[in-house]
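Residues are numbered in the numbering used here as their position in the sequence shown, beginning at 1, plus a constant of 1038. Glycine included, every Cβ here is placed at the ideal spot set by N, Cα and C. These figures come from a predicted structure and were not determined experimentally. Here the structure is laid out as structure tokens; the discussion comes afterwards.
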Amino acid sequence: MNAKILLLVEDNPQDELLTLRALRRANVANRIDVARDGQQALDYLFREGEFTGREGPDLPTVVLLDIGLPRLSGLEVLERLRADPRTELLPVVILTSSDEEQDRLRSYEMGANSFVRKPVNFAEFAETVARLGIYWLASNEPPHMT
């Protein structure tokens, strides 16, 4: 069985650090790869650009995707993932500071599996991220993708 990998797509260095710390504190031992903008996320997922020779499984088990990203927004990334047969079923969790109803609605309309608002309080943020990691990497049964 392939190793389960989480792809974190986050442009804010502090949120990246807090997310990684929260996952480690929750004893999530899986590999966590990071993309820092929307284009880098697509390059990672489709093994293009700097990720042409990327090691490991073709796709991560789950993508934690911020909405407000440089180059391509999280919603643009999600749209491209759902339009490609290789990634149309890939679990994508929108993890964002946005509390806009239109962002939530648009995320689900475009095929997000979940929409989670980042809590402002660190302890709540850590707990939320830990629960996400445990659920998507340990409990959830993802579809088999080619």
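Could you tell me whether any Cβ in chain B is nearer than 8 Å to the Cβ of W1174?
As a matter of chain content, chain B is missing from the structure shown, which is built from one protein chain.
Specify the secondary structure class of F1160 as computed by DSSP and reduced to three states.
helix
Flag this pair as touching only if the region 1104-1114 and the region 1160-1178 have three or more C-beta atom pairs under 8 Å; answer yes or no.
no
How is the beta strand (DSSP E) around D1071 delimited, first residue to last?
Unbroken beta strand (DSSP E) run through D1071: R1069 to A1073.
Nearest candidate by alpha-carbon position, reference R1118, set F1084, V1066 and A1073:
Scanning F1084, V1066 and A1073 for the CA closest to the CA of R1118 turns up F1084.
Taking the alpha carbon of A1073 as the point to measure from, which residue in L1046, L1170 and E1147 has its own alpha carbon closest?
Residue L1046 is the option with its Cα nearest to A1073.
Would you list the residues sitting across from R1155 in a DSSP beta bridge?
T1134
Is it the case that the Cβ atoms of I1172 and P1095 are separated by a distance below 8 Å?
no
C-alpha distance - R1144 paired with L1116, whole-angstrom precision:
10 Å
Can you have a look at Q1140 and say buried or exposed, based on whether 16 or more other CB atoms are within 10 angstroms of its CB?
exposed
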